[in-house]
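Asker: For the sequence shown, my numbering begins at 9 and goes up steadily by one. All C-beta atoms in this analysis are idealised placements derived from N, C-alpha and C, irrespective of residue type, glycine included.
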Amino acid sequence: MKKLHIGLFALMLLFLVAMPTFAKNYGIHMFTTWLVFIIATMGLNLTVGYAGQKSLGHAAFFGIGAYTVALFLKFGLSFWLALPVAALNCFVVGLLVGWPALRVQTIYLAFATLGFNTAMWLVMRNEEWLTGGTFGINNIARPSIGSLSLDANLAYYYLVLCFTLALALLLWGLLRSPWGKAFMALRDNPIRAESLGIDTRRYTLLSFAIGAVYAGLAGGLYASQVQFIDPSLFTVGASIMMYLIVVVGGPGYFLGPVLGSAVGVVLPEWLRFAQGWYLFVFGSAVVLLMIWLPDGLLSLPERLRERRQSRLASAARAQHPMPRGDQA
9 MKKLHIGLFA LMLLFLVAMP TFAKNYGIHM FTTWLVFIIA TMGLNLTVGY AGQKSLGHAA
69 FFGIGAYTVA LFLKFGLSFW LALPVAALNC FVVGLLVGWP ALRVQTIYLA FATLGFNTAM
129 WLVMRNEEWL TGGTFGINNI ARPSIGSLSL DANLAYYYLV LCFTLALALL LWGLLRSPWG
189 KAFMALRDNP IRAESLGIDT RRYTLLSFAI GAVYAGLAGG LYASQVQFID PSLFTVGASI
249 MMYLIVVVGG PGYFLGPVLG SAVGVVLPEW LRFAQGWYLF VFGSAVVLLM IWLPDGLLSL
309 PERLRERRQS RLASAARAQH PMPRGDQA
């Protein structure tokens, strides 16, 4: 299984590096958006898939990161300063949002995070002096590295790709550290984790804070990519879509956000030929997928293996039935 994951990662990396040579500007823009959502949902996958929390407010962190970068650039400050500040803002807010998780769980926690998203969206829409309100913020500049400009779509794509790979490696290392084991223990059995000496309160808060940092970085990159943001991008609907991306890809699977984001970002673009029906087709596809693969797309190999083992066990029992005395 490990070799399969390494092979999939190598193929994906080759595709991501080579793809721009075959794509036009719109294709590059779409794949850049895919990478941005991979970053955002890697963070949500940590919170939901690995730590077992429920969060329907991830788009709010995405928006905090986007507005932080947009405001810094609006006032002539550096993108490379804005991005760490966006991450820090989201870390602090993520810690605060994680507090309800210490008191409530499951559906109640989901509603608490949903309320947080709604509150942040109202701030973004109504505080025109800060966010521009419904008019948003436009003319958001793209960064440069020394004398190298990243204004071109292709150059910016490779910048986002570098961020995606770096953040993926960072998360990979985190999940294989004692912190990662603590997150998974928190998900599987919080009471047992606490009895083993794991500070469940600390790791619950950290799961929200680190997930929020990933969303904030993704939001900052997205703001410079599209060069215009307004509150409509950070609604509860966007949070639900991010949650769906994690669920479709496979919560708790490292590559789940990659496949889930392809379904959530790329598939709707391919379905636009259906005009007004594309949302219905997309929604139906997600529902059918959840019926047949409730653990996400990446659970398919495991499910096929279990089915094969079950068939082999049934065949073995049929060939070697138990003696009547043993059955009694």
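(1) In the structure shown, what three-state DSSP assignment does L54 receive?
(2) Over what stretch of residues does the alpha helix (DSSP H) that includes I115 continue unbroken?
(3) Between which two residues does the alpha helix (DSSP H) containing P198 stretch?
(4) Between which two residues does the alpha helix (DSSP H) containing S155 stretch?
(5) Measure the Cβ-Cβ separation of T243 and I47 and say whether it is below 7 angstroms.
(6) Can you tell me whether F69 is helix, strand or coil according to DSSP?
(7) Considering only the beta carbon of each residue, do Y211 and A190 sit closer than 7 angstroms?
(8) Taking all protein chains shown into account, do 16 or more other C-beta atoms lie within 10 angstroms of the C-beta of V77, making it buried, or fewer, making it exposed?
(9) Hey, V271 and V254: beta-carbon distance below 7 angstroms or not?
(10) Is DSSP giving N147 helix, strand or coil here?
(11) If I measure Cβ to Cβ from T208 and keep anything under 8 angstroms in the same chain, skipping five residues before and after, which residues do I get?
(12) Could you tell me which uninterrupted alpha helix (DSSP H) segments, each at least 4 residues in length, are contained entirely in the region 268-320, listed from first to last along the chain?
(13) When burial is assigned at 16 or more other CB atoms within 10 Å of the CB, is F281 buried or exposed?
(14) Thinking just about the alpha-carbon of each residue, which of V273, V266, F216 and G258 is nearest to the one in N97?
Answerer: Taking the definition as stated:
(1) Three-state DSSP puts L54 in a helix.
(2) Per DSSP, I115 belongs to the alpha helix (DSSP H) from T114 to N134.
(3) P198 to S203 is the extent of the alpha helix (DSSP H) around P198.
(4) No alpha helix (DSSP H) contains S155, which DSSP labels as neither H nor E.
(5) T243 is not a Cβ neighbour of I47, given a cutoff of 7 angstroms.
(6) Helix, per DSSP.
(7) The criterion of a C-beta distance shorter than 7 angstroms is satisfied by Y211 and A190.
(8) Under a 10 Å Cβ-count criterion, V77 is classified as buried, with 16 or more other Cβ atoms of the shown protein chains found around its own Cβ.
(9) Going by C-beta atoms, V271 is not nearer than 7 angstroms to V254.
(10) Look at N147 here: in three-state DSSP terms it is coil, with no helix or strand label.
(11) Once the five neighbours on either side are set aside, the close Cβ partners of T208 are L194, P198, A201 and E202.
(12) Correct list: 275-278 and 286-300.
(13) It is exposed - the Cβ of F281 has fewer than 16 other Cβ atoms within 10 Å.
(14) Out of V273, V266, F216 and G258, F216 has the C-alpha closest to the C-alpha of N97.
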